[in-house]
Structures are given as C-alpha cells and as structure tokens.
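Counting in numbering that gives the first Met the number 0, the sequence shown runs from 0 upward without gaps.
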Amino acid sequence: MTQNDPDANDPGETETIGALLQAATQRLAAEGNDNPRLDARLLLAHALGVEGRLHGREDDPVTAEERTRFAAFLARRIGGEPVSRILGSREFWSLEFDLSPATLDPRPDSETLIDALLELHPDRDRAYRILDLGTGTGCLLLAALSEFPNAEGVGVDIDADCVQVARQNAEKLSLSSRARMIRSRWADNVNGPFDIVLSNPPYIPTSDIASLQPEVKVHDPMQALDGGPDGLTAYRNIAECLPSLLSEDGLAALEFGEGQGPAISRIVEASDLIVDGFRNDLAGIERCILVRRA
Numbered sequence: 000m001t002q003n004d005p006d007a008n009d010p011g012e013t014e015t016i017g018a019l020l021q022a023a024t025q026r027l028a029a030e031g032n033d034n035p036r037l038d039a040r041l042l043l044a045h046a047l048g049v050e051g052r053l054h055g056r057e058d059d060p061v062t063a064e065e066r067t068r069f070a071a072f073l074a075r076r077i078g079g080e081p082v083s084r085i086l087g088s089r090e091f092w093s094l095e096f097d098l099s100p101a102t103l104d105p106r107p108d109s110e111t112l113i114d115a116l117l118e119l120h121p122d123r124d125r126a127y128r129i130l131d132l133g134t135g136t137g138c139l140l141l142a143a144l145s146e147f148p149n150a151e152g153v154g155v156d157i158d159a160d161c162v163q164v165a166r167q168n169a170e171k172l173s174l175s176s177r178a179r180m181i182r183s184r185w186a187d188n189v190n191g192p193f194d195i196v197l198s199n200p201p202y203i204p205t206s207d208i209a210s211l212q213p214e215v216k217v218h219d220p221m222q223a224l225d226g227g228p229d230g231l232t233a234y235r236n237i238a239e240c241l242p243s244l245l246s247e248d249g250l251a252a253l254e255f256g257e258g259q260g261p262a263i264s265r266i267v268e269a270s271d272l273i274v275d276g277f278r279n280d281l282a283g284i285e286r287c288i289l290v291r292r293a
C-alpha cells in the first residue's frame, strides 16, 4: 500500500491501533467532522471493547474482526449518526446513561436545570420528593437523586420503551430503590405534591424540525422534539398541572428553546403560578425557567 493508494485511509487495511486511529481521523476530518480525533478514539475503543484511553497502545495489533467492526462504526459516523447513538450511551452530569431509539440524547444544556436545583436547594440531606416529566433516559431525575442521597423520585414518560430504558439506567446507577419510572401522559398517572418538578419537554416548532441538524432530526425521536405549531404545547399541559403537583414551597425547573422565555412566562402566569427567574446555559443562552406556586 503506497501513499498514492486510494485505499490508504481505509481503516480496514491497517493492522495497529495507531494506524487505524490516524487513518480514521483523516477520513473524519475530510468529511468536515468538528472533532475527528476524539470521535475516532471513542469509536475505536468501542470497537475494541475497551474502557479508557488508547494512549500507549498505538502499536498493539487489531484483529480482522475488530477492524471490520470499527469500519462499520466509522461508516455510520460519516453518515451523520451521532457518536453517542453508535456507542449506545451518553454521559450526563458525569453519569453514564444508556440510550435507545425512543429516548432523546441528553445534552449538556439540560445540566442547567441541575445546576439551578443545587443552587436553590443547598441542603443535600433533605428528603425531597422529585418528579421528572418526560423522563426519557431518566437523566434529570437520576442526576438529581445522585446529588440528594435522601431524596426519592418519579420519572414519567408516555413511551413504554423510554420507561424501560430509564429503569435500566436507574438500576445501573444503583438508584432504582429511590426512583420509580412509570408510563404516563405528563402527570395523568401521578399524585403530588412534589418538592421539585423537572422537565425537558419537546419545544421545537413543527415547521422548524426540517431545518434541524441531521444528527438531531434523523436520530432523535420525533415525539421528543416536536413541540407543536408554536413549540409550546407541552408547556401548556405542564403549567395546567403544576399547581396540583408542587408542594407549598415547591420548585419547578423547565428547559426551553432559545427565545421562548417570554411566551412560557405568560403560559405559567396564566395558570396562577409565579415565575421565580431564569437560568442561562454555558453558552449564555436563556435555557431554564423556574416556577413556584402563587
């Protein structure tokens, strides 16, 4: 194989970890990938079935079966599939969450809700009762429970597969004794009161979905994205039930999309609730609304 060989960057033709990693990084970079080296390393480690770093193992041989598996992962990434979907998991709040086609892929933006929660509830020993509406992977509820060791919570989702994945994640994180995952349309099958209500509901206006990045619109479930004609359908449903869900001094933290804050404030106030402030994500974009009972 020469430098001019058209297959010189084909990872199926190389035999060591270092050569595979270099070739894959070049291919991903040529496709316009923003993080070619990182993506290549994550996918190669997954193909090899190893945890942790590949550093120091560059000269280790790779079997034909491992090369084939890595080539398949690489092709999926080049085709636009997110690394987290290929790996089948995503880190959120330094915890590892399994994914399925039915679950939304957790984003760092959603950690804004947990940051706000910890800021406003500094007593980590309180036995809070927490509700997560539209739990998906269970990431919000389980992240909160990991910070409050005496708390317990309920995660609800309309999709049965999401409920199963959330239960699986609770078990994996040793939180299943304090987390109950149930199938429900918002709070239909839930009785309050709760000290904390968390939610990252669908908030993309239907007409905007076609313009989303392919990694989102193709690989995230539509019911977790589509917020209705104006993107606010879920907030109307949630605001309607919050007065009966929140305890007297309870707090709700809801994620929303860029620029939606004023409209959601009006929805919340129309349900005789109080807007207690907003929080920005790491990019400085208003991302979370805090709500209390009047």
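Backbone N, C-alpha and C fix where the C-beta goes; we use that ideal spot for every residue, glycine too.
Do you know offhand how far V61's Cα is from L241's?
-> Position 62 of the sequence shown, counted from the start, is the residue given in the question as residue 61. Position 242 of the sequence shown, counted from the start, is the residue given in the question as residue 241. Using only the alpha carbons, I get a separation of about 55 Å.
Buried versus exposed call for N199 [16 or more other C-beta atoms within 10 Å across all chains shown] = As a working note, residue 199 is residue 200 in the sequence shown. It is buried - the Cβ of N199 has at least 16 other Cβ atoms within 10 Å.
Between the CA atoms of S183 and G78 - distance to the nearest angstrom | The sequence position of residue 78 within the sequence shown is 79, counting from 1. The sequence position of residue 183 within the sequence shown is 184, counting from 1. In a straight line, the C-alpha of G78 is about 35 Å away from that of S183.
Along the chain, where does the beta strand (DSSP E) that runs through L130 open and close?
-> In the sequence shown, the residue the question calls residue 130 occupies position 131. Segment R128 to L132, the beta strand (DSSP E) holding L130.
Smallest Cα separation from L253: which of I237, R123 and A209?
-> Mapped onto the sequence shown, residue 253 falls at position 254. Per the Cα distances, I237.
Out of G191, E151, A262 and L172, which has the shortest C-alpha to C-alpha gap to W327?
-> Residue 327 is absent from the model: the chain starts at 0 and stops at 293.
Pick helix, strand or coil for F147, following the three-state DSSP scheme.
-> Against the sequence shown, residue 147 aligns to sequence position 148. Correct three-state label for F147: coil.
Take the Cβ of I157 as the centre, count every other Cβ of all protein chains shown within 10 Å, and call the residue buried at 16 or more, exposed below.
-> The residue labelled residue 157 in the question sits at position 158 within the sequence shown. Per the 10 Å Cβ criterion, exposed.
State the DSSP-derived secondary structure class of L197, mapped to helix, strand or coil.
-> Mapped onto the sequence shown, residue 197 falls at position 198. If DSSP states are grouped into helix, strand and coil, L197 belongs with the strands.
Count the C-beta pairs between the segment 184-192 and the segment 123-135 that are closer than 8 Å, then say yes if the count reaches three, no if not.
-> yes
Inter-residue Cα distance where the pair is A211 and A74 = Against the sequence shown, residue 211 aligns to sequence position 212. Against the sequence shown, residue 74 aligns to sequence position 75. According to the sequence shown, residue 211 is Leu rather than Ala. In a straight line, the C-alpha of L211 is about 22 Å away from that of A74.
Same chain only: Cβ atoms within 7 Å of A71, ignoring 5 sequence neighbours per side = Within the sequence shown, numbered from 1, the residue matching residue 71 stands at position 72. Excluding sequence neighbours, A71 sits near nothing in its chain.
The ligand MG heavy atoms versus the CB of A115: any closer than 7 Å?
-> Summarising the ligand content, the structure contains no ligands, and the ligand MG is consequently not present.
Taking the Cβ atom as the reference point for each residue, do D97 and S83 lie within a distance shorter than 8 Å?
-> For the purposes of this step, residue 97 is identified with residue 98 of the sequence shown, where counting begins at 1. For the purposes of this step, residue 83 is identified with residue 84 of the sequence shown, where counting begins at 1. No, these two residues do not count as a Cβ contact at 8 Å.
Cα-Cα separation, I284 to I266 = By one-based count along the sequence shown, residue 284 stands at place 285. By one-based count along the sequence shown, residue 266 stands at place 267. For I284 and I266, the distance between alpha carbons rounds to 20 Å.
Please list, in chain order, all residues of the same chain as A46 whose beta carbon is under 7 Å from its beta carbon, the five residues on each side excluded.
-> Here residue 46 refers to the residue found at position 47 when the sequence shown is read from its first residue. Around A46: E65, R68, F69 and F72.
Same chain only: Cβ atoms within 6 Å of R177, ignoring 5 sequence neighbours per side | As a working note, residue 177 is residue 178 in the sequence shown. Same-chain partners within the cutoff: L144 and E151.
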